[in-house]
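When the sequence shown is numbered by our numbering, its final residue is 540 and no position is left out of the sequence of numbers. All residues carry an ideal CB built from backbone N, CA and C; glycine is no exception. Following: one structure in structure tokens, then a few remarks.
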Amino acid sequence: MTALSNPSDDRDQHDTHTLSNGQVVTGDKIASAELDPSLADTDTSNNHRQSSEEKHANESNGDGTMEKVATGASLGRVPSQAQKLGKKKIVVVMTALCTIISTALPTMASHFNASESGYSWMASSYMLANAAAVPLWGKISDIWGRKRILLLANVAFLVGSLICALAINLPMILVGRAIQGVGGGGVSFVILVLFLKIEAEKTPLLAGLKSIDWIGIVLIMGGTLMFLFGLEYGGITYPWDSATVICLIVFGVVTWAIAMVVEWKVAKYPVIPIRLFTNWHNVLVLLVCFCHSFVFISGAYYLPLYFQTVLLANPIMSGVYVLPNVLSLSFTSACTGFIIKKTGRYRELIVGGLFFMTLGYGLLIDLKYYASWPRIIIYQLIAGFGSGPVFQAPLVALQANIHRGDVAAGTSTFGFLRQTSAAMSIVLGTVVYQNVLQQQMPKISAAIGPEKATALASSFSGSQGDVIRALPEDQKNVVLKAYTFTLSRMWIFYTAIIGFGLLVSLLIRPVVLSKAHTFTKTGLAEQERARQEILAAQRGETQTEPKETV
């Protein structure tokens, strides 16, 4: 197994350079030194002079940046800001791009006069495309390496973002969100494998395309889309017992079953190797991944809904209100890699994280219809504190238990399951929200009148806020209590899911990881070599290679 490079190990490069006038400046001041003649020597020949020893002293740090280990480097050889962009910065930027929409989504739904169904579609259109595209990105990375994926995924994300920016109606923004999801699937996959030490060989385009399991990809994507469309339509666009919903769900499951047979018996280089699921350890880890993603995404989408619908906050303040969750999550997530590297253990992080996550999301049930800041802050801190470790630790647990030839496929399977569960979470959360709110409508109608109740039922979030603000205080309290009750029942649903994940995590066996670092190679030759090794091991001709992990 490939060693994971911990993001906490990266250090920002603060190179010092001595100018001809004796002044010492840091790398980020070089640009101003070049522009200001008083800071730089006017003799250009000196700026381009560099000894052969200094040239050999410049070593690549593995992520495209150049680390200076010799002093006195000339100004003309200073790396650009783009070259100096480290792994931590890439992860921060890409993660922000993939999650920035959640706090603005309620107001966007209001702008396009979307109902609960429209709100759900604005979220799930991204998730659907994202989940369907992840296996393809994983297979492409096996052949051509991760750098090309990052560039191609960013282009797709840019095109989708441009369409969303120019959208004039709901269908147009849904198309843009779907294209964003395709690009986001590649970006999220690259984030998962970014810290792996991977060597990519140059693979011809035609040979690479021929090696891709296109049948498996089409079946997996088709089955996933049909199943998730069935969940999305159920209870919103069509009744749950309608032929459309039943056929989509059933055909989706059947297509998935056919895809698994193809991956098992037909595909030479399967997108999702079935052998990953023959080990109970892997199954338990993937179940934990499913539960964690299912519940985490609910906080990203429904906490802003609470702030904007119940507390009547605007999108900017809604983003401020979720900071306790974001900051605690970021802190524990950053510490997780460091702890795993130093201790070689992951089980304790998974179990502990899910315990605090269960506690935190359980406490969200107690949120009030008014701004109780101790509850809002403390509950989010606990939920975020638990969420952070469960991003990295289960992936390490999975990679520690699979053949290194399956690293990319295993990682894409992990990412695919995470995105699929997120899409299901948004759909099912909306179903719970709608059903409970529908039960509260008679109470709301009795308090504010049928006409205003109908206006609330036909609008969403921001539009609801305008209607609620115009109500007298006693009527407003009735409405806010009804929405708070509705959201509390939704938090009960999510707490049950993460509680199940906590129970599953207790069955994961503890393994002390090796600290040996190895390199994983990609490309067709490496895929074939790994395939032969796995086949030989399955025939009993050789033993599978020992686990090589962080």
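Sequence-distant partners of Ile163 (beyond 5 residues in either direction) whose C-beta falls short of 8 Å from its own C-beta, in its chain, are Met98, Phe102, Met112, Ile153, Cys154, Ala157. Judged by DSSP in its simplified three-state form, Gly378 adopts coil rather than helix or strand.
By the C-beta density criterion, Glu463 is exposed, having fewer than 16 other C-beta atoms within 10 angstroms. Here Gly224 carries a strand assignment [DSSP, helix/strand/coil]. Ala526 has its alpha-carbon roughly 43 Å from the corresponding atom of Thr348. Ser478: member of the alpha helix (DSSP H) spanning 463 to 495, first to last residue. In the three-state scheme derived from DSSP, where H, G and I count as helix and E and B as strand, Trp204 is classed as helix.
Sixteen is the threshold: when 16 or more other Cβ atoms of the shown chains lie within 10 Å of the Cβ of Arg265, as they do, the residue is buried.
Residues of the same chain with a CB within less than 8 Å of the CB of Val469, apart from the 5 flanking positions on each side, are Ile434, Ala437, Ile438, Leu446, Ile458, Leu461 in chain order.
Judged by DSSP in its simplified three-state form, Val172 adopts helix.
Taken atom to atom, the span from the alpha-carbon of Gly289 to that of Leu196 is near 43 Å.
DSSP, read as helix, strand or coil, puts Phe267 in helix. Take the alpha-carbon of Phe267 and the one of Val273: they are about 6 Å apart. Rounded to the nearest angstrom, the gap between the Cα atoms of Ser320 and Ile287 is 15 Å. Per DSSP, Arg394 lies in no alpha helix (DSSP H) and is assigned neither H nor E. Within 10 angstroms of the beta-carbon of Asp396 lie 16 or more other beta-carbons, which makes it buried. In this structure, the beta-carbon distance from Gly174 to Val261 does not fall below 7 Å. Thr403 and Cys279 have their C-alpha atoms spaced approximately 11 Å apart. Here the stretch 323 to 339 lies against the stretch 373 to 387, with 3 or more beta-carbon pairs under 8 Å apart. Note on geometry: alpha-carbon atoms of Ser110 and Val426 lie some 16 Å from one another. Sequence-distant Cβ neighbours of Gly343 in its own chain, meaning closer than 6 Å and more than five residues away, are Gly376, Pro379, Val380.
Ile306 and Tyr291 have their C-alpha atoms spaced approximately 14 Å apart. Taken through DSSP and simplified to helix, strand or coil, Gly439 comes out as coil.
Taking C-alpha positions only, Leu277 is separated from Leu302 by approximately 36 Å.
Counting other Cβ atoms within 10 Å of its Cβ, Glu441 stays below 16 and is therefore classed as exposed.
Distance between Gly224 and Val235, taken at the CA atoms: about 6 Å. For Ala122 and Val256, the gap between their C-alpha atoms comes out near 21 Å.
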